[in-house]
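Chemist:
Chains as they are written, first to last, in my numbering: chain Y, 115 to 595; chain B, -3 to 184.
1) In chain order, which beta strand (DSSP E) runs of at least 3 residues are fully inside the region 433 to 469 of chain Y?
2) So which residues on chain B does residue 166 of chain Y lean against when the C-beta distance must stay under 8 angstroms?
3) Under three-state DSSP, which class holds residue 415 of chain Y?
4) Taking Cβ positions only, does residue 129 of chain Y come closer than 7 angstroms to chain B?
5) Three or more beta-carbon pairs under 8 angstroms between the region 133 to 141 of chain B and the region 168 to 179 of chain B, yes or no?
6) Suppose the cutoff is 7 angstroms on Cβ atoms and the five residues either side in sequence are ignored; what does the same chain contact list for residue 49 of chain B look like?
7) Short of 9 angstroms Cβ to Cβ, which residues in the region 425 to 438 of chain Y face chain B?
8) Please report the straight-line C-alpha distance between residue 351 of chain Y and residue 47 of chain B, rounded to a whole angstrom.
9) Taking the C-alpha atoms as reference points, what is the distance between residue 436 of chain Y and residue 461 of chain Y?
10) Measure the alpha-carbon distance for residue 163 of chain Y versus residue 205 of chain Y and round it to whole angstroms.
11) Does any residue of chain B have a CB that is nearer than 7 angstroms to the CB of residue 149 of chain Y?
12) Between the C-alpha atoms of residue 417 of chain Y and residue 23 of chain B, what's the straight-line distance to the nearest angstrom?
13) If you count every other CB in all the chains shown that lies within 10 Å of the CB of residue 543 of chain Y, and 16 or more means buried, which is it?
14) Determine the chain Y residues that contact residue 157 of chain B at a beta-carbon separation under 8 angstroms, and present them in chain order.
15) Just to check my reading of the structure: residue 178 of chain Y and residue 34 of chain B have Cβ atoms closer than 8 angstroms, yes? What is that Cβ distance to the nearest angstrom?
16) Is it true that the CB of residue 555 of chain Y sits closer than 7 angstroms to the CB of residue 532 of chain Y?
17) Taking its Cβ as the centre, do 16 or more other Cβ atoms sit within 10 Å of residue 165 of chain Y, making it buried, or is it exposed?
18) Sorted by chain position, which residues of the same chain lie with C-beta nearer than 7 angstroms to residue 187 of chain B's C-beta, five sequence neighbours on each side aside?
19) Determine whether the Cβ of residue 185 of chain B lies closer than 7 angstroms to any Cβ atom of chain Y.
20) Could you name the residues of the region 56 to 86 of chain B whose beta carbon sits closer than 7 angstroms to any beta carbon of chain Y, in the order they occur along the chain?
21) I want to know whether the region 153 to 160 of chain Y touches the region 585 to 595 of chain Y - three or more CB-CB distances under 8 angstroms.
22) Given this structure, state the Cα-to-Cα distance separating residue 566 of chain Y from residue 424 of chain Y, to the nearest angstrom.
23) I'd like to confirm the pairing. Which residues does DSSP put opposite residue 592 of chain Y in its beta bridges?
24) How would you label residue 66 of chain B, buried or exposed, when you count the other beta carbons within 10 angstroms and need 16 or more for buried?
25) Alpha carbon to alpha carbon, how far is residue 438 of chain Y from residue 549 of chain Y?
26) Please classify residue 523 of chain Y: does DSSP put it in a helix, a strand, or coil?
27) Is it buried or exposed for residue 273 of chain Y, if we count other Cβ within 10 angstroms and need 16 for buried?
28) Per DSSP, which residues does residue 550 of chain Y bridge with? Please list them.
29) Would residue 151 of chain B pass as a contact of residue 143 of chain B if the rule is Cβ separation under 7 angstroms?
30) For residue 145 of chain B, go through chain Y and note every residue whose CB falls closer than 7 angstroms to its CB, in chain order.
31) Since residue 513 of chain Y is in the alpha helix (DSSP H), which residue starts that stretch and which ends it?
32) Would you say residue 10 of chain B reaches chain Y, if we count a Cβ-Cβ gap shorter than 7 angstroms as a contact?
33) Which residues does DSSP pair with residue 585 of chain Y in a beta bridge?
34) Determine whether the Cβ of residue 148 of chain B lies closer than 7 angstroms to any Cβ atom of chain Y.
35) Measuring only between beta-carbons, confirm whether residue 180 of chain B sits less than 7 angstroms from chain Y.
36) By alpha-carbon positions, which one of Y:529, Y:400, Y:173 and Y:434 ends up nearest to residue 89 of chain B?
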């Protein structure tokens, strides 16, 4: 790549690499930095390079160049195609002639050399003739033949010369083919095909429909692209596997990526989605967190960590960010790049706790508590929420229960111990509208618990934002007291 | 098949002309190859993943092949930057409709008009004034970089700062300068 005029100044690939490798002298470094500040293009490209392994990118570039040149040569100037087609027509004529001639006469060493070339050319010629542009082609043929000798790069021209030199005895039948090339009459073309078919059994006609307008450079290209076949098709059919292959080669040193084929295998496939895994641990204690929700931001893809904090998630094409969230932890976002494993540490988020268990008796085990245990959803609009409670207060109510409870004889006999859980509905007027047993003990305990509440002291309604409301409270009564 | 052995030495405009006139794909290929590493780097910046970036880089070539047949492009590099970036942003937007365009998106790459002799003096004063208004760390880095032509590394070494910080000071300093100068109606 040449250093162009100032207006075309851009960071060359070598400059980029040397800069990133720290090989440049300060003045050169300044040059690169200045250029990337002056031109957004260069600057952003440099940013892109900075975040990746230079050797890998270098390989990628080489591969893309191969793909690119395959593209461009296929579509190169139309006149080249014509020239190639002309050459092929000539070769075809020669090929047919040779096939016929070959059958009867003794070959010179020259002829043997030709026989090696003919199969390829015959295929191509047959297909060139199937091209719909026959008529145009034929017209140009005449012109091109005229200055045949001037196109030095055209491969078949030596053949043409040799052909002329060869002492050839043509039969009546064979003359038209050669004539065809010279005269460019389209009417003769069907004959060529016929001749090919009838005179030479070695020509694989089956191949003809598959080959489309093969030009000389395409033949070279086919050889090239065969090496790279790995890179194109399998990746589409097996995205996941391809992905793994791509990932593993990242870890290898680029030293072994010399050959074209090995380079092809190191290229990550153009997969549409891939799998990512990792472990989520707590920042404070480094222990794995199970149940963490992992989602690909902006998509519906999600996963949950297992007991060991591990997750496996499918990232669809374009998925850029993983979002980790879990109650009591600060949500964490991770940008997805090329790695296959993303381990994450979550920091505790005390503020974000959504549920708080409050008891009026300090810290006690739920099983041992007689009293109201309510789960309150914290909502910033409902900060002013007060639970329905006995009018005289929890302690007094508890005393009432202790004193008034009759331990049912059946329960006493069977040594029944435990807690009856009641759901008490308190209207906004402060009336107990219902008492339901949520979980009971039987042996008369449940009935006794309901009786105690129904006949006991009054309750006052729950208050939300200074307004009494209907509410329900779970209340536990322990048997025996 | 190299018909023009010196094709590689042709400048952007000449290669573009060849492509437009004769549909010479090889010229376009050569031209694109010249900037391939930049396009790829740009894609990497936006798309992050190598495989997506490679696909995009190849796609951009296809886009060029179509567009350049009809469009007369004067400054290929700037134009290519715009086309490439748009393509990347389109991919991002497709995959995630909420993607916001970054603020620099509309910033023009085209060089500003040359400053006339007569207002050079006042422009310089405006620049000095704007530099003065920068935060100290930005000012220092900008001065060292633009006036003393020190590389990031040299500045980082001298000032015992992180390289990243130096970079962001200079980038932000440059942006602030630009804003400041634009406020004074001076292009720079």
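A virtual CB, placed ideally from N, CA and C, is assigned to each residue, including glycine.
Modeler: Per the coordinate set shown:
1) 435 to 439, 446 to 449 and 458 to 460
2) Here the question's residue 166 of chain Y lines up with position 52 in the first chain. Under the 8 angstroms cutoff, chain B gives 40 and 46.
3) Here residue 415 of chain Y refers to the residue found at position 301 when the first chain is read from its first residue. It is coil, neither helix nor strand.
4) One-based indexing of the first chain puts residue 129 of chain Y at position 15. No, residue 129 of chain Y does not count as interfacial toward chain B.
5) The region 133 to 141 of chain B is in contact with the region 168 to 179 of chain B.
6) Taking the second chain and counting its residues from 1, one reaches residue 49 of chain B at position 53. Cβ within range, chain order: 36, 39, 40 and 43.
7) Within the region 425 to 438 of chain Y, the qualifying residues are 430, 431, 432, 433, 434 and 435.
8) For the purposes of this step, residue 351 of chain Y is identified with residue 237 of the first chain, where counting begins at 1. For the purposes of this step, residue 47 of chain B is identified with residue 51 of the second chain, where counting begins at 1. With a pLDDT of 40 at residue 351 of chain Y, under the threshold of 50, the predicted position of this residue should be treated as unreliable, though the coordinate-derived value follows. Going from the Cα of residue 351 of chain Y to the Cα of residue 47 of chain B covers about 16 angstroms.
9) The residue labelled residue 436 of chain Y in the question sits at position 322 within the first chain. The residue labelled residue 461 of chain Y in the question sits at position 347 within the first chain. Answer to the nearest angstrom: the Cα atoms are 16 angstroms apart.
10) Locating residue 163 of chain Y in the first chain gives position 49, where the first residue counts as 1. Locating residue 205 of chain Y in the first chain gives position 91, where the first residue counts as 1. Cα atoms of residue 163 of chain Y and residue 205 of chain Y: separation of roughly 49 angstroms, rounded to the nearest angstrom.
11) Stepping through the first chain from its first residue, residue 149 of chain Y is reached at position 35. Cβ-Cβ to chain B under 7 angstroms: no for residue 149 of chain Y.
12) Locating residue 417 of chain Y in the first chain gives position 303, counting from the first residue. Locating residue 23 of chain B in the second chain gives position 27, counting from the first residue. The straight-line gap from Cα to Cα measures roughly 49 angstroms.
13) In the first chain, the residue the question calls residue 543 of chain Y occupies position 429. Residue 543 of chain Y comes out exposed.
14) Locating residue 157 of chain B in the second chain gives position 161, counting from the first residue. Those do not exist, as residue 157 of chain B stays about 15 angstroms from chain Y at its closest Cβ, beyond 8 angstroms.
15) Residue mapping note: residue 178 of chain Y aligns to position 64 of the first chain, counting from 1. Residue mapping note: residue 34 of chain B aligns to position 38 of the second chain, counting from 1. Rounded, the Cβ-Cβ distance is 13 angstroms, inconsistent with contact.
16) Counting from 1 along the first chain, the entry for residue 532 of chain Y is found at position 418. Counting from 1 along the first chain, the entry for residue 555 of chain Y is found at position 441. Yes, the Cβ-Cβ distance between residue 532 of chain Y and residue 555 of chain Y is below 7 angstroms.
17) Numbered from its first residue, the first chain carries residue 165 of chain Y at position 51. Counting Cβ neighbours within 10 Å, residue 165 of chain Y comes out exposed, since fewer than 16 surround it.
18) Absent from the structure is residue 187 of chain B, since the part of chain B shown begins at -3 and ends at 184.
19) Outside the displayed span of chain B (-3 to 184) sits residue 185 of chain B, for which this structure offers no information.
20) 57, 73 and 77
21) no
22) Walking along the first chain from the start, residue 566 of chain Y turns up at place 452. Walking along the first chain from the start, residue 424 of chain Y turns up at place 310. Distance between the alpha carbons of residue 566 of chain Y and residue 424 of chain Y is about 50 angstroms.
23) Along the first chain, read from residue 1 onward, the residue named residue 592 of chain Y stands at position 478. Note: residue 592 of chain Y sits in a beta bridge opposite Y:533.
24) Against the second chain, residue 66 of chain B aligns to sequence position 70. Exposed, since its Cβ has fewer than 16 Cβ neighbours within 10 Å.
25) Translated into positions along the first chain, residue 438 of chain Y becomes position 324. Translated into positions along the first chain, residue 549 of chain Y becomes position 435. Looking at the two C-alpha atoms, the distance is approximately 42 angstroms.
26) Working through the first chain from its first residue, we reach residue 523 of chain Y at position 409. Residue 523 of chain Y falls in the helix class under three-state DSSP.
27) Residue numbering aside, residue 273 of chain Y sits at position 159 when the first chain is read from its first letter. Annotation note: pLDDT 43 at residue 273 of chain Y (below 50); position unreliable, coordinate value reported separately. Buried is the call here.
28) If you number the first chain from 1, residue 550 of chain Y lands on position 436. Y:537, per the DSSP bridge assignment.
29) One-based indexing of the second chain puts residue 151 of chain B at position 155. One-based indexing of the second chain puts residue 143 of chain B at position 147. Taking 7 angstroms as the Cβ cut-off, residue 151 of chain B and residue 143 of chain B do not qualify as a contacting pair.
30) For the purposes of this step, residue 145 of chain B is taken as residue 149 along the second chain, with counting starting at 1. Neighbours of residue 145 of chain B on chain Y, chain order: 144.
31) As a working note, residue 513 of chain Y is residue 399 in the first chain. It spans 508 to 518 - the alpha helix (DSSP H) in which residue 513 of chain Y sits, taken as one unbroken run.
32) Numbered from 1 along the second chain, position 14 holds the residue referred to as residue 10 of chain B. Output row for residue 10 of chain B: interface = no.
33) Counting from 1 along the first chain, the entry for residue 585 of chain Y is found at position 471. Answer is Y:540.
34) What you label residue 148 of chain B is simply residue 152 of the second chain in a count that begins at 1. Output row for residue 148 of chain B: interface = yes.
35) Here the question's residue 180 of chain B lines up with position 184 in the second chain. No, its Cβ sits nowhere closer than 7 angstroms to a Cβ of chain Y.
36) If you number the second chain from 1, residue 89 of chain B lands on position 93. Of the listed residues, the one whose Cα sits closest to residue 89 of chain B is Y:434.
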